[in-house]
Every structure is written in structure tokens, then in C-alpha cells.
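K.L.:
I'd like to ask some things about the structure below.
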Ligand SMILES: Nc1ncnc2c1ncn2[C@@H]1O[C@H](COP(=O)(O)OP(=O)(O)OP(=O)(O)O)[C@@H](O)[C@H]1O
Ligand SMILES: [Mg+2]
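Numbering (this note's numbering), first residue to last: 283 to 562.
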């Protein structure tokens with residue numbers, strides 16, 4: 283703790299990831315057991331390093347199975363790394379437990395890909411959004427209600443009264459993803475991970491959801507990590523872009539630079555695969 287906030291510069295860094303690895307040892311199948319061989323280890327993430335400052339947004343692009351979600355899960359301490367380190371807001375995630383872990387759970391939030399799975403179907407929208415405040419014992423009932431109302435308003439679910447007592451099955455996928463965002467933001471986090479946040483939604487409503495995420499991230503000066511197959515989405519949302527390939531970051535830099543002057547063959551293939559926005 284002594285080094286925490288030692289200089290203005292290091293205090294600005296929210297996330298520091300060093301040589302992060304996650305190797306999975308698949309269970310030996312029946313045939314492999316007969317042959318006596320070990321199944322080869324899966325190097326889902328194999329030496330990922332980067333830093334993110336307060337307010338920065340990083341997009342991770344890469345093909346299916348390249349290790350994006352596994353990386354994100356390690357950053358949120360949902361999966362323990364095989365190697366390397368994640369330092370979040372000055373503390374190594376490895377050592378976090380008890381009240382420090384609870385504080386981390388408040389500061390770092392996740393938006394799931396599937397809003398239908400993210401919300402309890404039996405809870406009203408109010409109950410889902412107020413839940414984090416209850417878990418962290420924040421506010422009086424009136425204060426909590428006000429915070430839920432404010433959060434729903436900020437994600438443009440209005441009139442708020444129309445939504446509070448509804449259940450998830452009354453809402454569209456896009457509206458549900460807004461509820462998920464409201465719930466993620468209600469504890470005033472500093473870090474938001476959005477793993478394919480619009481890929482399950484209708485194309486026609488994606489831009490609106492992305493705009494709201496972007497608007498809220500900027501207003502709250504959130505550090506954000508977006509994961510997407512779609513480089514044009516990352517181009518729209520992120521200052522920095524990382525390209526993952528087979529468990530490694532093969533390219534990382536300011537988004538405009540990565541897209542206008544890709545260094546890696548695989549990045550060029552990704553760019554060729556989607557219609558990109560005009561630079562201006
Ligand atoms: N719990 C697990 N056990 C074994 N292997 C796993 C596990 N989780 C992930 N993997 C493997 O690790 C690799 C990376 O998976 P990951 O889900 O991180 O990829 P991704 O880039 O998020 O892919 P997608 O774009 O399809 O979501 C894949 O080969 C996957 O099969
Ligand atoms: Mg994934």
C-alpha cells in the first residue's frame with residue numbers, strides 16, 4: 283500500500299496488466315486415456331500486457347477463441363490467472379480478499395453479451411437495479427429509490443415509472459441492455475468491461491445502445507474495455523485498440539493508427555472483413 287499514489291502518473295493508471303496467462307488443461311478424454319497421452323494444454327491467454335489510464339477506452343478485437351473473454355474474466359477476478367499479474371487501482375488482484383475484494387467488486391463492473399441471462403426473470407426492473415446497493419448496504423430506502431430512478435433516466439429508459447415494476451419479459455433486448463447498464467453504473471464504478479454488448483441485439487438498435495454506453499463512460503470518466511469481433515464498432519468506441527490472436531496481443535496502439543496503418547497481417551485481415559468508417 284505504501285507505493286499507492288506515489289506519483290501523479292501512477293495514480294492515473296487504473297489497470298496494469300503484466301504478462302497475463304491462462305492455460306487450461308483439458309481433462310483427458312477416453313481415447314487419450316487409452317493411448318496414455320496427455321491432452322495438450324490450451325493456451326487461452328499467453329502473455330498479455332497493457333496499461334490503461336483513467337478515462338481511457340480499449341477495444342480488444344480478434345477471432346473467436348483468441349482469448350478475449352478469458353482476458354476480461356481475469357481482469358475482473360472471475361478467473362484466476364495461470365501466470366502474470368493484474369494491478370487495479372494500485373492493488374494486485376491476486377491478494378484481494380475480504381473488504382478489499384468487495385470494494386473491487388464495486389469499482390469494476392461487467393456488461394454481459396446476453397441481457398436476457400444477465401437479469402433475474404423473477405425480479406422487477408427496480409429490484410434488479412437496486413440489488414447492488416442492497417448488497418453493499420448503501421443508502422436509505424428513499425435514497426436507493428432515487429438512485430435507481432436517476433440511473434434509469436441516465437440510460438434513457440423514460441418515463442422511468444413505466445419501467446420500475448415491469449419484469450424482464452416485458453422489455454425488448456435493447457431496453458434490457460439499458461437496464462444492465464444502469465445496474466452496472468449504479469455503484470459509481472471506475473472500470474467497465476463490455477464483452478460483445480450489442481452482438482445479440484437487433485442491428486437497428488445497436489448504435490443507440492453504444493451511444494449511451496459511450497455517453498455514460500465519458501460523463502463518468504470510466505476506464506472501459508470493449509470486446510468485439512467488429513473493428514468498426516471498436517473504431518467508433520475506443521481510443522486504443524488491441525488485436526488478439528491465439529492468446530496474444532499482436533498489435534496495440536491508438537485506434538486511428540492501428541486502423542490506418544496496421545502492422546500485423548492479421549489486423550489487415552480483420553480490417554478487410556468489415557466496412558470501416560471514413561476516418562473523418
Ligand atoms: N473453462 C475453460 N476450459 C477449457 N478451455 C477454455 C475454457 N474457457 C475458454 N477456453 C478456451 O480458451 C480459448 C479462448 O477462449 P475465449 O472464450 O477467451 O475466446 P474469445 O476470444 O472470447 O472467443 P469468442 O469471440 O468466441 O467469444 C478457446 O480455445 C476456448 O475454447
Ligand atoms: Mg468471448
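Just so you know, even glycine gets a beta-carbon here, dropped at the ideal spot from N, CA and C.
#1: Can you tell me the Cα-Cα spacing of residue 355 and residue 368, whole angstroms?
#2: Alpha helix (DSSP H) containing residue 380: first to last residue?
#3: Assuming residue 343 and residue 516 make a contact with CB atoms under 8 angstroms, what is their CB distance in whole Å?
#4: Ligand 2 heavy atoms versus the CB of residue 328: any closer than 8 angstroms?
#5: Can you tell me the Cα-Cα spacing of residue 305 and residue 378, whole angstroms?
#6: Is any heavy atom of ligand 2 found at a distance shorter than 8 angstroms from the C-beta of residue 351?
#7: Can you give the beta carbon distance from residue 556 to residue 512, rounded, assuming they're within the 8 angstroms contact cut?
#8: Pair every Cβ in the region 484 to 494 with every Cβ in the region 370 to 385, then say whether three or more of these pairs are closer than 8 angstroms.
#9: Quick check: what's the CA-CA separation for residue 365 versus residue 301?
#10: Could you name the residues that DSSP lists as bridge partners for residue 526?
#11: Looking at the structure shown, is residue 447 part of a helix, part of a strand, or coil, going by DSSP?
#12: DSSP state of residue 374, grouped into three classes?
#13: Can you tell me which of the three DSSP states residue 633 falls into?
#14: Under three-state DSSP, which class holds residue 460?
#15: May I ask whether a heavy atom of ligand 2 can be found less than 8 angstroms away from the beta carbon of residue 477?
#16: Which residue marks the beginning of the beta strand (DSSP E) containing residue 296, and which one marks its end?
#17: Does ligand 2 have a heavy atom nearer than 8 angstroms to the CB of residue 324?
#18: With respect to the alpha helix (DSSP H) encompassing residue 490, which residues constitute its N-terminal and C-terminal limits?
#19: Assuming residue 250 is part of the alpha helix (DSSP H), what are its boundary residues?
P.N.:
In short, the structure shows the following:
#1: 11 angstroms
#2: 380 to 389
#3: 6 angstroms
#4: no
#5: 22 angstroms
#6: yes
#7: 6 angstroms
#8: no
#9: Going by the C-alpha atoms only, they are around 7 angstroms apart.
#10: 531
#11: coil
#12: strand
#13: Since the first and last residues shown for the chain are 283 and 562, residue 633 lies out of range.
#14: DSSP, read as helix, strand or coil, puts residue 460 in helix.
#15: yes
#16: 295 to 306
#17: no
#18: Run containing residue 490: 485 to 501, per the alpha helix (DSSP H) assignment.
#19: A query on residue 250 cannot be resolved here, the shown segment of the chain reaching from 283 to 562 and no further.
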